[in-house]
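Novice: Numbering (this note's numbering), first residue to last: 71 to 641.
Don't be surprised by glycine CBs; every beta carbon is placed ideally from N, CA and C.
All values reported here derive from a predicted model rather than from experimental measurement.
One structure is given below, represented as structure tokens, and several questions about it will come after.
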DNA sequence: GCCGTTTTCGGCCCGACTGTTTTCAGTCG
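What follows is the structure in structure tokens.
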């Protein structure tokens with residue numbers, strides 16, 4: 071039993087309670103409890119007691135006891151009973167935009183609808199039109215919502231969406247009606263997946279700006295249209311929400327709609343303690359507006375430093391801002407070179423010389439190749455012979471170019487924790503990336519031991535994509551990531567932030583903890599084609615969300631210092 | 001269900017839009 075499972079079960083209980091029509095505050099208490107566990111630094115396992123749990127703010131007697139039962143036995147009676155009382159399809163129905171727990175509960179009780187498919191059928195048969203509180207438009211919206219769920223499951227990769235978002239915000243900023251405008255919401259916070267695109271703009275003429283917004287060429291569908299708020303859908307299926315305010319309200323609105331919800335709630339409660347009301351229109355002391363010219367000014371009202379949007383997840387940024395202890399986050403321009411690149415020596419689609427030319431054109435000072443290794447024959451991995459051809463080719467390339475070329479390998483971690491090349495060959499590389507590509511279905515203990523054992527090899531320098539997750543497609547393998555992080559820090563193995571937009575692994579949620587354990591990181595593109603090289607910027611986002619600074623990231627270092635660090639591990 | 005420098009009971013953040021209503025409930029962020 072891990073922290074993650076505890077968090078998941080509390081969130082699931084909250085959802086089930088919502089569907090069962092429970093008191094709103096009870097639902098929120100479970101959501102808050104999940105949040106509290108997630109951000110607490112206590113380790114959670116089968117021996118964690120209710121007493122320890124209830125020390126966490128947000129966990130009371132009732133939740134603590136239920137969790138203790140869950141952790142020690144793997145079961146929770148309360149949850150099992152709740153789950154049994156509610157058809158599982160109702161949970162899926164919550165994903166339909168426009169349909170919430172109240173209506174779902176009503177449809178279930180009145181029409182016996184328990185799955186999205188049934189709901190779709192009933193809509194097509196016009197059964198919803200005459201229900202009290204429903205009607206033709208509601209039914210149409212539900213059908214549209216079902217389409218969205220079926221096609222996109224409601225989530226989008228940041229990397230797939232950011233281009234569309236930037237185009238649209240560019241158009242809006244270009245409108246003469248706009249004074250200030252910005253992306254907001256999760257996309258401004260640079261979360262790895264987003265549900266929609268949020269935009270905040272200020273204008274003297276709301277109506278014209280709304281017309282401008284809802285008639286852009288990229289708009290497929292207008293979902294709602296008001297004077298302060300409108301929603302559209304793009305061809306990709308993602309919804310875009312815009313909020314238009316007067317310019318003196320802009321800083322408050324931008325902060326409010328950037329979120330996160332948890333950050334805002336925490337900010338509001340601080341405001342309340344200072345007898346200040348905080349909402350999207352301003353800060354009010356005894357109903358009098360406190361004028362703020364920008365977001366930094368808002369934070370300063372509470373004695374806080376400016377908090378970068380990436381950090382606004384209520385992961386301690388508010389306390390740090392108050393204590394002047396916010397990190398100086400790593401930036402894209404800090405990156406000096408890139409490692410973890412595959413070429414046509416293994417499964418990449420570009421040649422090493424193309425990569426070198428590209429990297430030189432972008433003024434990077436080093437480039438590190440890392441082909442797949444002997445066990446990864448599915449990916450054209452190098453073997454004991456071709457590895458020497460690879461060295462010769464890179465040596466020849468180095469003679470023609472001034473950018474420093476580092477020779478690496480991505481060596482597979484075998485199920486027993488050994489590496490697939492023997493030490494004699496591994497010792498020849500400038501760096502050895504180790505990673506799991508097979509045998510994903512081990513239990514947590516075995517997988518954790520497997521990876522920790524692999525890190526005992528003194529030639530292993532970088533642990534790649536530590537959890538193996540593929541966003542929106544594959545869960546992380548079962549692993550005690552905290553143990554792995556601590557072992558990496560202790561053994562001096564560097565942790566990769568894999569910057570592929572489908573991976574972004576190590577997850578930012580663990581970066582801060584890893585840093586505190588003493589770990590160092592590399593932001594690696596894991597590129598297989600030339601476009602993939604620029605993915606490193608997504609990795610920088612992840613590092614920033616994980617509170618990392620320039621000195622935490624090895625590929626911000628000059629090449630000499632990086633080489634020393636890579637060598638020191640062998641010695 | 002949680003919490004408490006006024007509280008062990010009575011609060012719990014707040015506002016916009018839609019659609020179905022004739023003043024409001026549900027949903028969303």
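Which residue's Cα is closest to the Cα of residue 467: 439, 452, 179?
Specialist: 439
Novice: Do you know whose CA, among 169, 88, 99, lies nearest residue 153's CA?
Specialist: 88
Novice: Using the beta-carbon count (16 or more within 10 Å), is residue 187 buried or exposed?
Specialist: The residue in question, residue 187, is exposed, as its Cβ has fewer than 16 Cβ neighbours within 10 Å.
Novice: Note down the Cα distance separating residue 76 from residue 165, rounded to an integer number of angstroms.
Specialist: Approximately 22 Å, taken between the alpha carbons.
Novice: Buried or exposed: where does residue 593 fall if 16 or more other Cβ atoms within 10 Å of its Cβ makes it buried?
Specialist: buried
Novice: Is there contact between the stretch 402-420 and the stretch 281-289, where contact requires at least three CB pairs shorter than 8 Å?
Specialist: no
Novice: I'd like to confirm the pairing. Which residues does DSSP put opposite residue 399 in its beta bridges?
Specialist: 619
Novice: Residue 567 and residue 555: beta carbons closer than 8 Å?
Specialist: no
Novice: What separation, rounded to the nearest whole angstrom, lies between the Cα atoms of residue 623 and residue 111?
Specialist: 23 Å
Novice: For residue 231 versus residue 253, is the C-beta distance shorter than 8 Å?
Specialist: no
Novice: Helix, strand or coil for residue 110 per DSSP?
Specialist: coil
Novice: When you compare each of 326, 521, 275 to residue 316 by their alpha carbons, which one comes out closest?
Specialist: 275
Novice: For the beta strand (DSSP E) containing residue 439, list its first residue and its last residue.
Specialist: Residue range 436-442 is occupied by the beta strand (DSSP E) that includes residue 439.
Novice: Could you give the first and the last residue of the continuous beta strand (DSSP E) run that contains residue 594?
Specialist: Looking at the DSSP string, the run of the beta strand (DSSP E) that includes residue 594 is 591-594.
Novice: Among residues of its own chain, excluding the 5 on either side of residue 629, which ones have a beta-carbon nearer than 6 Å to its beta-carbon?
Specialist: 435, 436, 474
Novice: Could you give the distance in angstroms between the alpha-carbon of residue 419 and the alpha-carbon of residue 598?
Specialist: 6 Å
Novice: Any contact between the stretch 191-201 and the stretch 218-230? By contact I mean 3 or more CB pairs, one from each, below 8 Å.
Specialist: no
Novice: Would residue 215 pass as a contact of residue 169 if the rule is Cβ separation under 8 Å?
Specialist: yes
Novice: I think residue 636 touches residue 486, with their Cβ atoms under 8 Å apart; what is that distance to the nearest whole Å?
Specialist: Actually they are not in contact, since the Cβ atoms of residue 636 and residue 486 sit about 26 Å apart, beyond 8 Å.
Novice: According to DSSP, is residue 528 helix, strand or coil?
Specialist: coil
Novice: With DSSP collapsed to three states, give me the class of residue 263.
Specialist: strand
Novice: What does a CB cutoff of less than 7 Å around residue 273 pick up in its chain, not counting 5 residues either side in sequence?
Specialist: 247, 248, 249, 279, 314
Novice: CA-CA distance, residue 574 and residue 504?
Specialist: 17 Å
Novice: Between which residues of its own chain and residue 259 is the CB-CB distance below 8 Å, once the five residues before and five after are set aside?
Specialist: 328, 329, 330, 379, 380, 382, 383, 615
Novice: What does the Cβ neighbour count give for residue 194, buried or exposed, with the cut at 16 atoms within 10 Å?
Specialist: Sixteen is the threshold: since fewer than 16 other Cβ atoms of the shown chains lie within 10 Å of the Cβ of residue 194, the residue is exposed.
Novice: So residue 416 is in the alpha helix (DSSP H); what residue range does that whole segment cover?
Specialist: It is not in any alpha helix (DSSP H) - residue 416 carries neither H nor E in the DSSP assignment.
Novice: May I ask you to report which of helix, strand or coil DSSP gives residue 510?
Specialist: coil
Novice: Rounded to whole angstroms, what is the Cα-Cα separation between residue 53 and residue 127?
Specialist: In the structure as shown, the chain starts at 71 and stops at 641, and residue 53 therefore has no counterpart that could be examined.
Novice: Could you work out which residue in 476, 607, 559, 596 is closest to residue 634 when comparing CA atoms only?
Specialist: 476
Novice: Check this for me: beta carbons of residue 588 and residue 639, under 8 Å apart or not?
Specialist: Result no, Cβ atoms of residue 588 and residue 639 do not sit closer than 8 Å.
Novice: Please state the DSSP three-state secondary structure of residue 309.
Specialist: strand
Novice: Suppose the cutoff is 8 Å on Cβ atoms and the five residues either side in sequence are ignored; what does the same chain contact list for residue 626 look like?
Specialist: 400, 404, 405, 406, 620
Novice: Could you name the residues of the same chain whose beta carbon sits closer than 8 Å to that of residue 523, not counting the 5 residues immediately before and after it, in chain order?
Specialist: Here the set comprises 486, 487, 488.
Novice: Provide the residue span of the alpha helix (DSSP H) that contains residue 582, from first to last.
Specialist: 578-586
Novice: Is it right to say residue 577 is buried, meaning 16 or more other beta carbons lie within 10 angstroms of its own, or is it exposed?
Specialist: When all chains shown are included, residue 577 counts as buried.
Novice: Given this structure, state the Cα-to-Cα distance separating residue 642 from residue 184, to the nearest angstrom.
Specialist: Because the chain spans 71 through 641 in this model, residue 642 falls outside it and cannot be assessed.
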